[in-house]
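The block underneath contains the structure these notes are about, expressed in C-alpha cells.
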Amino acid sequence: MYTPGAGGASCGELLGVISVDRPRNGRRPGAWGREALQMYAFQAAIAISNARLRANMQRALVRLEREQQALRASEESFRQAFEYAPSGMAIAEMGGDQHGRILRTNDALCRLLGRPASAMRRYSFSDLVHPEDIGTLLRTSAEGGRAELRLGRRDGTYVWVSLRNSVVADAADGPRFLLTHVEDIEERKRRELQLAHRASHDALTGLPNSAELRSRLSARICQRPQALPAGAAADSMDATFGENFGDGAGDGFGQYGDFGIAQHPSAQHPAVPPPHPSFDAYEAGGNGAHAFGFHAATGPYDAFDHHVHTVAPEGERDDGTKGLAVLFCDLDGFKSINDRFGHNAGDAVLIEVARRLSRGVRDGDTVARLGGDEFVVLADGLGRADAQDLAVRLRNEIIQPIRVDGRAMRVGASFGIGWAHCGMTADEVLKSADERMYVEKRSRPKQHRRAG
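For the sequence shown, the positions run 27 to 478 when my numbering is used.
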C-alpha cells in the first residue's frame, strides 16, 4: 500500500501491506474482487496520509502559536522596557526624506525635555539639539554612535545628555529604525565644568589665574617678530637661505628638515598651525625656490599670513596704533591691612578690588589675579592714550573706600602698561608690564602711593 502519486499512480512512501486470506472454499477472487481490494488499499492509503498530514498540521499550528506567544511576550517585554526605562528612549526613522524624525518616545524622555509625546513626534533630534552641537550630532555614527550634546527643553533651556544610537529592523527584510538612548548627564557636566573652572580660575576672587592668563595671552601672539622693513626682510630671507640650505648640496636642509615644514617654528606653537606648502612647489616639480616658500612675484612666503599679527604702539607718543595693552596692577598699602585687621579683611579687600576691576573694563577684556595683591588686565584694540585713560579710571575705582565689618579701608594702586606683540613670549610681556609698574610706583612719593 503506497501513498497516491500524480494521476493516482501508486508511488511514494510505503505505508503498509494489506493481507487477504483465501476463502475456505479455496476460490481465488475474481477480477472484480481484485479491483475492489486494490481500491480499498488505495483509499486506506489516502486516509492514512490525510491523518498524518492532519497531525503534522496540528503540530505546526501548535509550534506557530508558541512562537507567536513568545513574540508577543518579547514585544511586551520590549514595550515595558522602553516605556518604563529610567532614562530617555526614542525610536526614529532611518533613511529617506524623514530620516531622524521621532516616531515614539517614552515617559522619561518626555519628562526630561518637558514635552508631551504628541509634540515630540513633530521633531527630529536635529530640531532639538543646541545650535553649537549640530556638528557633533551629524558626526555621530548611526550604528552604535555615541555623543554628548545639549537638547532643548520646552522652557527654552538646554540639558546635557549622552545620546547613543543603535539600528533595529521591524522584520527580517523590513524597514530599519534608530533606537536612541538618552541619558541625563547634566550633573556630571556641571561637575566637570566646575573642576575646569577651578583649575583655571582663582579660588578667592573667581578671576582667571596665572595659568589661564598666560594661555589667553599666548593664544594672541605668535613667535614671529613684528614686520620688518622691506630691506631688512630681504636680508633676513637671504640669511635664512644661507643658514638653512648652505652653499653646497652637502649642507642638507638645515633646521627646517624635509620640505621646510616639519620643524617650522609654528610647529612648536599650539596657536599657530603649520604652514601648507605652496601649490607652486608641486607644479614646479620640486623646484627649491617654490618648495621652500619663495614666490618670485611676492617675495618670501610668509608662513604666518593666516595669523592676524599683534602689534604695539611705537615710542611714547600715541601714533594711532591699536594694540593689546597689558596693565599690571599692584595694590599699595595692602600689607598693612593684613597686618592690622587680619587675613579675612585682606581677602574681603581683594574680592572687592577684583569686582571693581571687572566692572571697569569692557566685555571681552580679561581681568586676572596673578597672586597676592597683583592683578593684570588684558585690553585689546587700545591706543597708548586709551590705555593710560583706562589705568587712571581703574585706579580711581580702586582708591574708593572699601567697607569691611563696619570699617572703611582704603588701598592705592600702581599700574604699569606693557604691550604684547608677536615675537614675544607671555612671560616677556608680563615682565615688561611689571617693570613699568615698578617704575611708576617709584616715581611717586611714598606717602602718595596709598589712597589713605
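Backbone N, C-alpha and C define an ideal beta-carbon position, used for all residues, glycine too. These numbers were taken from a predicted model, which means no experiment stands behind them.
What is the DSSP secondary structure of residue i, reduced to helix, strand or coil?
{"i": "E109", "result": "helix"}
{"i": "G24", "result": "Look at the range of the chain in this structure, 27 to 478, and you will see that residue 24 is not part of it."}
{"i": "V437", "result": "coil"}
{"i": "L233", "result": "coil"}
{"i": "V465", "result": "helix"}
{"i": "S45", "result": "coil"}
{"i": "A411", "result": "helix"}
{"i": "I428", "result": "strand"}
{"i": "A351", "result": "strand"}
{"i": "D228", "result": "coil"}
{"i": "N51", "result": "coil"}
{"i": "G314", "result": "In this prediction, G314 has a pLDDT of 39, which is less than 50 and means its spatial position is unreliable; what the coordinates show is noted afterwards. Reduced to three states, the DSSP call for G314 is helix."}
{"i": "I443", "result": "strand"}
{"i": "R395", "result": "strand"}
{"i": "R202", "result": "strand"}
{"i": "D345", "result": "coil"}
{"i": "H207", "result": "strand"}
{"i": "V193", "result": "strand"}
{"i": "V402", "result": "strand"}
Give the single residue among the options whose Cα lies nearest to the Cα of residue i.
{"i": "H447", "options": "C355, I363 and L350", "result": "L350"}
{"i": "D460", "options": "G442, A118 and G182", "result": "G442"}
{"i": "L456", "options": "E158, W445, E466 and G449", "result": "W445"}
{"i": "G415", "options": "D373, V437, A374 and L353", "result": "Note that residue 415 corresponds to Asp in the displayed sequence, not to Gly. Here the closest residue by C-alpha is L353."}
{"i": "A67", "options": "A81, S45 and P49", "result": "S45"}
{"i": "S440", "options": "R202, I425, L135 and E340", "result": "I425"}
{"i": "E454", "options": "V387, Q249, R468 and D412", "result": "Q249"}
{"i": "C136", "options": "H207, G372, L175 and A371", "result": "H207"}
{"i": "G346", "options": "A57, T392, G397 and G407", "result": "G407"}
{"i": "S188", "options": "R179, R214 and A195", "result": "R214"}
{"i": "M435", "options": "G372, L129 and R54", "result": "G372"}
{"i": "D181", "options": "A195, G140, R216 and A245", "result": "G140"}
{"i": "G398", "options": "D431, A411 and A374", "result": "A374"}
{"i": "A143", "options": "A195, L87 and I128", "result": "I128"}
{"i": "R433", "options": "F367, R217, N51 and R98", "result": "F367"}
{"i": "A134", "options": "S152, M115, V193 and E378", "result": "M115"}
{"i": "S152", "options": "T183, A118 and R98", "result": "A118"}
{"i": "A452", "options": "T336, A411 and T166", "result": "T336"}
{"i": "I247", "options": "H333, G409 and R224", "result": "H333"}
{"i": "S236", "options": "Y464, V393 and D47", "result": "V393"}
{"i": "G449", "options": "V465, A245 and V437", "result": "A245"}
{"i": "E158", "options": "L177, P49 and S458", "result": "L177"}
{"i": "L396", "options": "N370, P234 and M463", "result": "P234"}
{"i": "G409", "options": "L79, K348 and I428", "result": "K348"}
{"i": "P427", "options": "L205, V465, I363 and V387", "result": "I363"}
{"i": "L138", "options": "S113, R48 and G126", "result": "S113"}
{"i": "L63", "options": "A77, N76, H369 and R48", "result": "R48"}
Is it right to say residue i is buried, meaning 16 or more other beta carbons lie within 10 angstroms of its own, or is it exposed?
{"i": "I160", "result": "exposed"}
{"i": "D389", "result": "exposed"}
{"i": "L239", "result": "buried"}
{"i": "A15", "result": "In this structure the chain extends from 27 to 478, so residue 15 is not present and cannot be described."}
{"i": "D365", "result": "exposed"}
{"i": "R470", "result": "exposed"}
{"i": "S202", "result": "Reading off the sequence shown, one finds Arg at residue 202, where the question assumed Ser. Under this definition R202 is an exposed residue."}
{"i": "T231", "result": "buried"}
{"i": "L154", "result": "buried"}
{"i": "A413", "result": "buried"}
{"i": "L339", "result": "Note that residue 339 is Pro in the sequence shown, not Leu. P339 is buried by the Cβ-count criterion."}
{"i": "T131", "result": "buried"}
{"i": "G56", "result": "exposed"}
{"i": "D228", "result": "buried"}
{"i": "N191", "result": "buried"}
{"i": "R468", "result": "exposed"}
{"i": "L97", "result": "exposed"}
{"i": "G121", "result": "exposed"}
{"i": "V437", "result": "buried"}
{"i": "L221", "result": "exposed"}
{"i": "Y464", "result": "exposed"}
{"i": "D210", "result": "buried"}
{"i": "W186", "result": "buried"}
{"i": "S103", "result": "exposed"}
Three or more beta-carbon pairs under 8 Å between the stretch 402-413 and the stretch 356-370, yes or no? As far as the Cβ criterion goes, the stretch 402-413 does not touch the stretch 356-370, which means the pair count is below three.
Assess, as a yes-or-no matter, whether the stretch 380-388 is touched by the stretch 402-421 under the definition of 3 or more beta carbon pairs within less than 8 Å. Enough Cβ pairs lie closer than 8 Å, so yes.
How do the stretch 84-96 and the stretch 104-117 stand: do at least 3 beta-carbon pairs fall below 8 Å, yes or no? They do not touch, by the three-pair rule.
For the stretch 141-158 against the stretch 232-250, do three or more pairs of beta-carbon atoms, one drawn from each stretch, fall closer than 8 Å, so that the two count as touching? Not touching, per the Cβ criterion.
For a minimum of 4 consecutive residues, which ranges assigned as the alpha helix (DSSP H) are wholly contained in the stretch 105-189? Complete alpha helix (DSSP H) runs here, min 4: 133-139, 143-146, 151-154 and 160-165.
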